[in-house]
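So the structure is just underneath, and the comments pick up after that.
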Amino acid sequence: MTGWKEGIRARTAWALALAVVLAGCATDGSLQQTSSRSPGSALVQQMTFSALRLDIPRVGREVERLVLPNGLVLYLASDRSLPIFKAYAVFRAGSLYEDAARPGVAQFTASQLRAGGTAAMSSEALNEELEVFGISIESGVSSETISLTVNALAKDADQALRLLAEIVRRPAFEGVSLDTYRGRVVEDLRRVPENPS
Numbered sequence: 000m001t002g003w004k005e006g007i008r009a010r011t012a013w014a015l016a017l018a019v020v021l022a023g024c025a026t027d028g029s030l031q032q033t034s035s036r037s038p039g040s041a042l043v044q045q046m047t048f049s050a051l052r053l054d055i056p057r058v059g060r061e062v063e064r065l066v067l068p069n070g071l072v073l074y075l076a077s078d079r080s081l082p083i084f085k086a087y088a089v090f091r092a093g094s095l096y097e098d099a100a101r102p103g104v105a106q107f108t109a110s111q112l113r114a115g116g117t118a119a120m121s122s123e124a125l126n127e128e129l130e131v132f133g134i135s136i137e138s139g140v141s142s143e144t145i146s147l148t149v150n151a152l153a154k155d156a157d158q159a160l161r162l163l164a165e166i167v168r169r170p171a172f173e174g175v176s177l178d179t180y181r182g183r184v185v186e187d188l189r190r191v192p193e194n195p196s
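Residue numbers (numbering that gives the first Met the number 0): 0 to 196.
Take a look at the structure:
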């Protein structure tokens, strides 16, 4: 019988200890902050800011729209504050437009546009010419588009546009590059179980 009474006493002691701890956590209104704002909040309230103004270029004014004979639409905008040239070529050709039986075609095409050379230049010759002029042409892909981005000095804009046109109009998709890409994709797929992230 003594074991039973000791169990009740132990449970009662624990309940009493818990009640004391919880009572210590309860506060009356005197311990609460008198202001709901922090000192930092007061500083922020004193700050003044000018209204946010966005100057979005408008087609027809700051942006010129041209349609080439082949249907390609160009938007031209000029900013002469720096001696640089930037161009973006965006095509409706992303992964949404892929045949379900051939997934990955958009990614493959985007990677090979830049790395595969052209009908007139091998990938090595293209890379060398880009390097000589300090021109950067990079490709990208999204669910809706394939894009090429060109960065160059303004004095080399004609050369950059010539190379961009060559890449877009006459891509070569060289065999060595295709094999390299295929191998890289196969290797990436093989490693998926090793790195589940």
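C-beta atoms are modelled at their ideal positions from N, C-alpha and C, and glycine is treated no differently.
Computed from a predicted model, the values in this text were never measured in an experiment.
Buried or exposed for Gly93, please, with buried defined as at least 16 other CB atoms from any protein chain shown within 10 angstroms of its CB. buried
Considering Ile166, what are the terminal residues of the alpha helix (DSSP H) in which it resides? Ala156 to Arg168
Does DSSP put Asn126 in a helix, in a strand, or in coil? helix
Which residue's Cα is closest to the Cα of Asp155: Ile83, Ala76 and Asn69? Ile83
Considering only the beta carbon of each residue, do Ala171 and Gly103 sit closer than 8 Å? no
If I follow the unbroken beta strand (DSSP E) through Thr47, where does it start and stop? Premise fails: Thr47 is in no beta strand (DSSP E) and is neither H nor E.
Pairs of beta-carbons, one from the region 129–142 and one from the region 68–75, closer than 8 Å: are there three or more? When Cβ pairs closer than 8 Å are counted between the two stretches, the region 129–142 is seen not to touch the region 68–75, the count staying below three.
Can the beta-carbon of Arg113 be found less than 8 Å from the beta-carbon of Ile166? Closer than 8 Å, so yes.
Start-end ranges of the beta strand (DSSP E) lying completely within the region 71–144, minimum 3 residues: 72–76, 83–91 and 135–140
Whole-angstrom C-beta distance between Ser146 and Ser135, which should lie under 8 Å: With a contact defined as Cβ atoms closer than 8 Å, Ser135 and Ser146 miss out at about 14 Å.
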